[in-house]
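> Numbered per my numbering, the sequence shown finishes at 565, counting up by one with no gaps.
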Amino acid sequence: MSKFQPVTSADPNAPLPGVVGTGSAMTEIFRLVRRVAPTQATVLVVGETGTGKELIARSVHVLSNRADGPYVRVNCGALNESLLESELFGHIKGAFTGAIENKTGRFEAAHGGTIFLDEISSMSPKLQVKLLRVLQENEFERVGESKTIRVDTRVVAATNQLLEDEVEAGNFRDDLYYRLNVVPVYLPPLRERKGDIIDLARHFLKRHADINKVEAPEWTAAIEPVLMAHDWPGNVRELENYMARAVVLCRGGNLDAHAIGLPGRSERRYKPAASSKGRPGDLPTLVRQIVRMGIQSLPDGALHDRLVGDVERELIEQVMSDCEQVQVKAAQKLGINRNTLHKKLSDYGDHETPATEKG
207 MSKFQPVTSA DPNAPLPGVV GTGSAMTEIF RLVRRVAPTQ ATVLVVGETG TGKELIARSV
267 HVLSNRADGP YVRVNCGALN ESLLESELFG HIKGAFTGAI ENKTGRFEAA HGGTIFLDEI
327 SSMSPKLQVK LLRVLQENEF ERVGESKTIR VDTRVVAATN QLLEDEVEAG NFRDDLYYRL
387 NVVPVYLPPL RERKGDIIDL ARHFLKRHAD INKVEAPEWT AAIEPVLMAH DWPGNVRELE
447 NYMARAVVLC RGGNLDAHAI GLPGRSERRY KPAASSKGRP GDLPTLVRQI VRMGIQSLPD
507 GALHDRLVGD VERELIEQVM SDCEQVQVKA AQKLGINRNT LHKKLSDYGD HETPATEKG
């Protein structure tokens, strides 16, 4: 019996099992996952490291009719080609040096359930061919054996790369990409989920207090602006690590940003990873990626207003931050009228009217 039991909810926007989030971006993801989970469709989860891709994979499994079957996770980036081949497909005794007994592969172990292939972009061309066959024909052979094994295993894959770029660079098979990308789920980084930061922090604080069987540090209002000011380059995982540290270092006292070493603002901002061709992502490519993710995740009828509005707001907020909240400087950098900027900030409603000049 799987420890992940089916979870049902009359509300399609309800949070997924183990996932914290109330913002619009996460609500759209909850809705998408609940729609795809009961089907047999392959799911591709895309997001930066630490955004919670495995939680989405587990949710797909838990909410499916395979929930009582096995859930098997494989990190494709943690093993070299030969070891990964054996891990995925198994081997027979004597297939290679060190193969002293038969081994059941992860695909076979996941029969009747779900296999989660993390870091799928790191898979070698040889193994991509074998994976494609499993997706197309539901069959494979163990290493060193000619007997064909048939399986009924659902595949959920994840990557922190854009596989379209890997396909274009010749590193990833286009036919495999199309097989994996039946239903893509794009996870936003934590810096784009500001409204969820406090809820996540409280959740992790309680979780790690329970794990350590101690009383959680007292939550204070003073910690909130510090958490909100940080860029969280390590995403949800980084936030969880800070809260775990807080449980240890602030035991019996108040939650203290200084004691746990949380900076007021990240010393480094997110930089797009270099593409497979070895050059940073150029602006047109980044724009195409944002639009693609918006089309996949936003509801019909709201696409233009939400996508354009969210991009404009993020641009203005980052420029305001870079200009130390001075509207005159920000308006000049943006190339818009200061009154226009002031109106937009007022519409957002989360900015105090800043000083126009600094002495």
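Virtual Cβ for every residue (Gly too), placed ideally from N, Cα, C.
For a test of the three-state rule: what should DSSP assign to Glu-530, helix, strand or coil?
For the purposes of this step, residue 530 is identified with residue 324 of the sequence shown, where counting begins at 1. Glu-530 falls in the coil class under three-state DSSP.
> What is the DSSP secondary structure of Arg-512, reduced to helix, strand or coil?
Residue mapping note: residue 512 aligns to position 306 of the sequence shown, counting from 1. Correct three-state label for Arg-512: helix.
> How long is the line joining the alpha carbons of Leu-269 and Cys-529, rounded to whole angstroms?
Position 63 of the sequence shown, counting from 1, holds the residue named residue 269. Position 323 of the sequence shown, counting from 1, holds the residue named residue 529. C-alpha separation (whole angstroms): 46 Å.
> Assess, as a yes-or-no matter, whether the stretch 418-434 is touched by the stretch 373-386 under the definition of 3 or more beta carbon pairs within less than 8 Å.
no
> Looking at Met-449 and Leu-396, is the spacing between their C-beta atoms short of 8 Å?
Along the sequence shown, read from residue 1 onward, the residue named residue 396 stands at position 190. Along the sequence shown, read from residue 1 onward, the residue named residue 449 stands at position 243. Their beta carbons are not under 8 Å apart, which means Leu-396 does not touch Met-449 by this criterion.
> What's the C-alpha gap between His-464 and Leu-393?
Working through the sequence shown from its first residue, we reach residue 464 at position 258. Working through the sequence shown from its first residue, we reach residue 393 at position 187. Answer to the nearest angstrom: the Cα atoms are 30 Å apart.
> Tell me whether Val-454 is buried or exposed, calling it buried when 16 or more other Cβ atoms sit within 10 Å of its Cβ.
Working through the sequence shown from its first residue, we reach residue 454 at position 248. Exposed, since its Cβ has fewer than 16 Cβ neighbours within 10 Å.
> So Glu-424 packs on Leu-461, CB below 8 Å; how close in whole Å?
Here the question's residue 424 lines up with position 218 in the sequence shown. Here the question's residue 461 lines up with position 255 in the sequence shown. Contact flag correct, Cβ pair sits at about 6 Å.
> Hey, is the stretch 352-371 in contact with the stretch 236-253, meaning 3+ C-beta pairs nearer than 8 Å?
yes
> Is it a yes or a no for the stretch 256-270 touching the stretch 295-311, going by three-plus beta-carbon pairs under 8 Å?
no
> At a cut of 8 Å, does the stretch 401-416 reach the stretch 428-439 through at least three beta carbon pairs?
Touching, per the Cβ criterion.
> Identify every run of the beta strand (DSSP E) within the stretch 405-481, keeping only runs that are complete inside it and at least 3 residues long; order them along the chain.
none
> If we ignore side chains and look at the alpha-carbon of each, how far apart do Phe-313 and Pro-276 end up?
Residue 313 sits at position 107 when you count from the first residue of the sequence shown. Residue 276 sits at position 70 when you count from the first residue of the sequence shown. Taking the straight line from one Cα to the other gives about 10 Å.
> Is there contact here, the stretch 239-246 with the stretch 275-292, by at least three beta-carbon pairs under 8 Å?
no
> If you drop the 5 nearest sequence neighbours on each side, which residues of the same chain put their C-beta closer than 6 Å to that of His-510?
Locating residue 510 in the sequence shown gives position 304, counting from the first residue. For His-510, where only same-chain residues beyond five positions count, there are no Cβ hits under 6 Å.
> Check the DSSP bridge columns for Thr-320 and list the partner residues they point to.
By 1-based counting over the sequence shown, the position of residue 320 is 114. Per DSSP, Tyr-277 and Arg-360.
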